[in-house]
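Just so we're aligned, residue 13 is where the sequence shown starts under the working numbering, counting upward by one. Accompanying notes for the structure given below.
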Amino acid sequence: MAEGDLVDEAMGLGLYAELLAMLEGTSEYSDVELFETLDHHSRRLRSMAIMHLEFVVKFGYSSSSKKNISVGDKIYSNFPDYFEAWKLAGIPGIAPILLRKMISDFKSSRNKN
């Protein structure tokens, strides 16, 4: 399964916050050492994926359509095009094997309940 397909599966399972935590380095499934090896372009894609997922987690909007939400004097935006580019680039910042494990662990815990 391609890396982008793994992300799509995780998104389909509602694992938005978990994906965000993996990219931020706060998840047990993060590989923080991987962040240090990213080139400039991969770091930028990772940053945009983080911003997109922050929007998804905050507002619960995961559609591939561009959306802006005003809250007070701030405007929040998602970045679906950059998120797709991040997936096409091979999900820099996430180790696919750890993403597979996260999905597998989630499915296992869900089946126990």
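Note that beta-carbon positions come from the ideal geometry of N, C-alpha and C, so glycine has one too. All values derive from a computational prediction rather than experimental measurement.
Contacts around residue i, its chain only, beta-carbon distance under 6 angstroms, and the 5 residues preceding and following it disregarded
{"i": "Asp-93", "result": "none"}
{"i": "Leu-111", "result": "Leu-18"}
Beta bridge counterpart(s) of residue i as assigned by DSSP
{"i": "Asn-90", "result": "DSSP lists no partner for Asn-90."}
Classification of residue i by the beta-carbon crowding that lies within 10 angstroms, buried from 16 upward
{"i": "Val-83", "result": "exposed"}
{"i": "Lys-99", "result": "buried"}
{"i": "Phe-71", "result": "exposed"}
{"i": "His-53", "result": "exposed"}
Own chain partners of residue i with C-beta closer than 7 angstroms, once the 5 adjacent residues on each side are dropped
{"i": "Ile-62", "result": "Leu-32, Leu-35, Glu-36"}
{"i": "Pro-108", "result": "Glu-15, Leu-18"}
{"i": "Asn-123", "result": "none"}
{"i": "Ser-47", "result": "Sequence inspection shows Phe at residue 47; the Ser mentioned does not correspond to that position. Answer for Phe-47: Gly-37, Gly-105, listed in chain order."}
Delimiting residues of the beta strand (DSSP E) encompassing residue i
{"i": "Ile-81", "result": "80 to 83"}
Residue range of the unbroken alpha helix (DSSP H) whose run includes residue i
{"i": "Asp-43", "result": "Taken as a continuous stretch (DSSP letters only), Asp-43 belongs to no alpha helix (DSSP H), as it is neither H nor E."}
{"i": "Ala-29", "result": "28 to 36"}
{"i": "Gly-16", "result": "15 to 24"}
{"i": "Ser-121", "result": "108 to 124"}
{"i": "Ser-59", "result": "52 to 71"}
For residue i, the nearest candidate out of the options (CA to CA)
{"i": "Lys-78", "options": "Val-69, Ser-89, Gly-26", "result": "Ser-89"}
{"i": "Tyr-73", "options": "Leu-46, Met-23, Asp-85, Phe-47", "result": "Met-23"}
{"i": "Met-60", "options": "Val-44, Asn-80, Phe-91", "result": "Phe-91"}
{"i": "Thr-38", "options": "Gly-105, Lys-119, Leu-25, Glu-96", "result": "Gly-105"}
{"i": "Asp-117", "options": "Met-13, Glu-30, Asp-20", "result": "Glu-30"}
{"i": "Arg-55", "options": "Ser-75, Leu-27, Val-68, Ala-97", "result": "Ala-97"}
{"i": "Leu-95", "options": "Gly-26, Lys-86, Leu-57", "result": "According to the sequence provided, residue 95 is Phe. The question's Leu does not apply to it. The shortest Cα separation from Phe-95 among Gly-26, Lys-86, Leu-57 belongs to Leu-57."}
heavy atom of the ligand SAH below 8 angstroms from residue i C-beta
{"i": "Glu-48", "result": "The ligand content of the structure shown is nil, which means the ligand SAH is not present either."}
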